[in-house]
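**Q**
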Amino acid sequence: MKVVSVINYKGGVGKTTLVSNLAAYAAAQGKRVLMIDLDPQMSLTLSFVTLEVWKDRYAENKTLRNFFNAIKTGMTPPDLSQLVIPISGEPSFDTIKLDLISSHLELIDIDLTLASLITAPMAELLAIKFMQYYNQLRFALARLKDKYDLVMLDCPPNFYAVVKNAITASDYCLVPAKMDYLSSLGVGQLQDNLDKYIQEYLSNLNIYNQNKFAGAPDYQPIATKILGVVPMMVEIQKKQPVAANAVFINQLKDQDNLYIFKWVRNNTTLFGSVPSGGVPVVLSCPKLTSYMTWRTVIKPELEELGQEFLELAEI
Ligand SMILES: Nc1ncnc2c1ncn2[C@@H]1O[C@H](COP(=O)(O)OP(=O)(O)OP(=O)(O)O)[C@@H](O)[C@H]1O
Ligand SMILES: [Mg+2]
0 MKVVSVINYK GGVGKTTLVS NLAAYAAAQG KRVLMIDLDP QMSLTLSFVT
50 LEVWKDRYAE NKTLRNFFNA IKTGMTPPDL SQLVIPISGE PSFDTIKLDL
100 ISSHLELIDI DLTLASLITA PMAELLAIKF MQYYNQLRFA LARLKDKYDL
150 VMLDCPPNFY AVVKNAITAS DYCLVPAKMD YLSSLGVGQL QDNLDKYIQE
200 YLSNLNIYNQ NKFAGAPDYQ PIATKILGVV PMMVEIQKKQ PVAANAVFIN
250 QLKDQDNLYI FKWVRNNTTL FGSVPSGGVP VVLSCPKLTS YMTWRTVIKP
300 ELEELGQEFL ELAEI
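Written out as C-alpha cells, the structure is:
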C-alpha cells in the first residue's frame with residue numbers, strides 16, 4: 000500500500016480535483032483505493048456524497064471527526080475501516096473499488112486542540128507527545144495495509160497538526176500548483192516546510208529513543224518525499240502551454256530535485272461542474288455539450304497523467 004498526501008497550502012489550486020480524478024483512475028485500473036478527506040471544507044466528500052445524504056447517514060458517526068475526537072480526549076480512536084464509505088451508486092463505480100473517509104467541519108477545532116496538546120516543559124515529554132500525536136493516522140492506516148493499494152489524502156491548505164499527521168503517514172506528497180509567480184514560489188516554501196518538519200520529527204524521535212522506557216511504543220523515522228508537481232489549470236494553445244504558464248513550468252523543471260508531471264489543462268466547463276454529478280471527469284463527461292472535448296482531449300490527458308502517477312509511485 001502506498002499513501003500519498005495531495006498538498007499545497009495555497010488554496011484553490013486543484014488538490015481535491017486531483018485526488019478525486021487520480022483515485023478514480025487508479026480504481027478503474029483495478030487498484031483498491033481509499034480517499035481520505037482531511038479538509039474541513041469537505042470538498043472531496045461533497046464531490047461524491049450529497050450534503051443531505053451526508054447529514055443523514057454519516058455526519059454523526061462516520062467521519063474523520065470521530066477519529067480525531069477520540070485522540071483529542073485520550074480515548075482509543077475507532078478503526079478507520081469503521082468510517083469507510085464505499086463509493087457506489089453510479090454505473091461508473093460498479094466495477095471498481097473506491098472508498099472514502101469523510102471530513103467534518105469540526106476538524107478546524109481539532110487542528111487547534113491537537114496543536115495545543117503537543118506542548119511540554121521538557122524536551123523528553125515533548126518528544127513523547129510529538130511521536131504520540133503525529134503518528135496517529137500512520138498507525139491507523141497501517142492496519143489497512145492489506146485492504147488497499149493506494150490511499151490518497153486530500154489536505155487542507157495549511158500546515159497544522161492534521162496535515163502533519165498526513166505527512167507522517169505518507170510515502171509521498173503530490174503538489175498540484177497553478178503555473179504563476181506566487182504559486183511557483185509556494186512550491187519552494189512547501190519543500191522547505193516539509194524538510195523542516197521531517198527534521199523536527201527525526202530530532203524528536205532521537206530524544207524519544209534515548210529516553211525510551213521498557214514497553215513504550217516504537218516509532219519509525221519518516222522520509223516522506225515530494226513525488227512531483229502537477230501543473231494545474233494550464234492554458235493550452237496549439238497543444239502547448241501558453242507563455243505565461245510555460246515560463247513557470249520551465250522554472251520548476253530547472254530545479255534538479257523536482258519532478259514535473261504532465262499538466263492538467265484549464266477547462267472550467269468540465270472541471271467546474273463535476274462535483275454536482277458525483278463522478279470525476281476522468282470517468283464520465285459531466286456536460287454533454289462538451290462531450291467531444293472530453294472524449295478526445297481531457298479524458299485522455301487525465302488518463303495519461305494517471306498512468307504517469309501510478310508508474311512513478313510504483314502502485
Ligand atoms: N483544470 C481545471 N480547469 C478549470 N477549473 C478547475 C480545474 N481544476 C479544478 N478547477 C476548479 O478550481 C476550483 C478549485 O479546485 P479544487 O477545489 O480542486 O482546489 P483545492 O486546491 O482543493 O482548493 P482548496 O484549497 O479550497 O481545498 C474548483 O472550483 C474546481 O472545480
Ligand atoms: Mg480542496
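Numbering (numbering that gives the first Met the number 0), first residue to last: 0 to 314. The beta carbon of each residue, even a glycine, is placed where N, CA and C say it ideally should be.
#1: Can you list, in chain order, the residues of its chain whose CB lies under 6 Å from that of Pro-230, leaving out five sequence neighbours each side?
#2: Closest to Lys-237 by CA distance: which of Arg-264, Tyr-218, Gly-227, Leu-136 is it?
#3: Taking the beta strand (DSSP E) that Ile-84 falls in, what are its first and last residues?
#4: Helix, strand or coil for Gln-236, going by three-state DSSP, please let me know.
#5: In three-state terms, what does DSSP make of Asp-148?
#6: Relative to the alpha-carbon of Phe-308, which residue among Ala-25, Met-0, Ile-6, Val-12 has its alpha-carbon at the smallest distance?
#7: So if DSSP puts Pro-175 in a beta bridge, which residue, or which two residues, is it bridged to?
#8: Please report the residue range of the alpha helix (DSSP H) in which Leu-113 lies.
#9: Based on DSSP bridge pairs, tell me the residues matched to Val-5.
#10: Kindly list the residues whose CB is nearer than 6 Å to the CB of Val-32, restricted to its own chain and excluding five residues on each side of it in sequence; keep chain order.
#11: Can we count Asp-148 as close to ligand 2, meaning its CB is less than 7 Å from some heavy atom?
#12: Would you be able to state if there are at least three C-beta pairs under 8 Å between the segment 37 to 54 and the segment 104 to 112?
#13: Pop quiz: Phe-260 and Leu-304 are said to be a contact at Cβ under 8 Å. What is the actual Cβ separation, rounded to whole angstroms?
#14: Ends of the beta strand (DSSP E) at Val-32?
#15: Return yes when the Cβ of Tyr-133 is within less than 8 Å of the Cβ of Asn-164, no when it is not.
#16: Quick check: the Cα distance between Gln-239 and Asn-208, rounded to an integer number of angstroms?
#17: In this structure, what does DSSP give as the bridge partners for Arg-264?
#18: If you measure between the beta carbons of Ser-19 and Leu-43, is that distance less than 8 Å?
#19: Would you grab the beta carbon distance between Ala-114 and Ala-160 for me? Rounded to a whole angstrom, and I think it's under 8 Å.
#20: So what's Ile-197 in DSSP terms, helix, strand or just coil?
#21: Any idea what DSSP makes of Ile-248, helix, strand or coil?
#22: So, are the CB atoms of Val-162 and Ile-6 less than 8 Å apart?
#23: Taking the continuous alpha helix (DSSP H) assigned at Leu-99, which residues delimit it?
#24: Assuming Asn-317 is part of the alpha helix (DSSP H), what are its boundary residues?
#25: Taking buried to mean at least 16 other C-beta atoms within 10 Å of its own C-beta, is Lys-298 buried or exposed?
#26: Could you please give the first and the last residue of the uninterrupted alpha helix (DSSP H) stretch that includes Thr-15?
#27: Measure how close the beta-carbons of Tyr-258 and Leu-226 come, nearest whole angstrom, since I'm counting them as under 8 Å.
#28: Quick one: what's got a C-beta closer than 7 Å to Ala-312's C-beta in the same chain, skipping five residues either side?
#29: Does Ile-127 come out as helix, strand or coil in the three-state DSSP assignment?
#30: Taking 7 Å as the cut-off, is the beta-carbon of Asp-110 closer than that to any non-hydrogen atom of ligand 2?
#31: What are the start and end residues of the alpha helix (DSSP H) that includes Gln-40?
#32: Return the CA-CA distance between Thr-49 and Glu-123, expressed in angstroms with no decimal places.
#33: Using DSSP's beta-bridge definition, name the partner residues of Lys-224.
**A** If we stick to the structure as given:
#1: Answer for Pro-230: Met-178, Ile-248, Trp-262, listed in chain order.
#2: Arg-264
#3: 83 to 85
#4: strand
#5: Looking at Asp-148 - three-state DSSP - the assignment turns out to be coil, as it is neither helix nor strand.
#6: Ala-25
#7: Val-229
#8: 106 to 116
#9: Asp-153, Leu-173
#10: These residues qualify, in order along the chain: Ala-22, Ala-25, Ala-26, Leu-97, Leu-149.
#11: no
#12: yes
#13: 6 Å
#14: 32 to 36
#15: yes
#16: 52 Å
#17: DSSP, once it has assigned bridges, lists Val-233 as partnering Arg-264.
#18: Yes.
#19: 5 Å
#20: Helix.
#21: helix
#22: A contact, by the Cβ cut-off of 8 Å.
#23: From DSSP, Leu-99 is part of no alpha helix (DSSP H) but of the beta strand (DSSP E) over 97 to 100.
#24: Outside the displayed range of the chain (0 to 314) lies residue 317, so it cannot be described from this structure.
#25: buried
#26: Where Thr-15 is concerned, the enclosing alpha helix (DSSP H) stretches over 14 to 27.
#27: Going by Cβ atoms, the distance from Tyr-258 to Leu-226 rounds to 7 Å, so yes, they are a contact pair.
#28: Its chain contains Lys-1, Val-3, Tyr-171, Leu-226 as the residues whose beta carbon lies nearer than 7 Å to that of Ala-312, once the 5 sequence neighbours on both sides are disregarded; these appear in chain order.
#29: helix
#30: no
#31: That residue, Gln-40, is in no alpha helix (DSSP H); it is neither H nor E in DSSP.
#32: 46 Å
#33: Tyr-171
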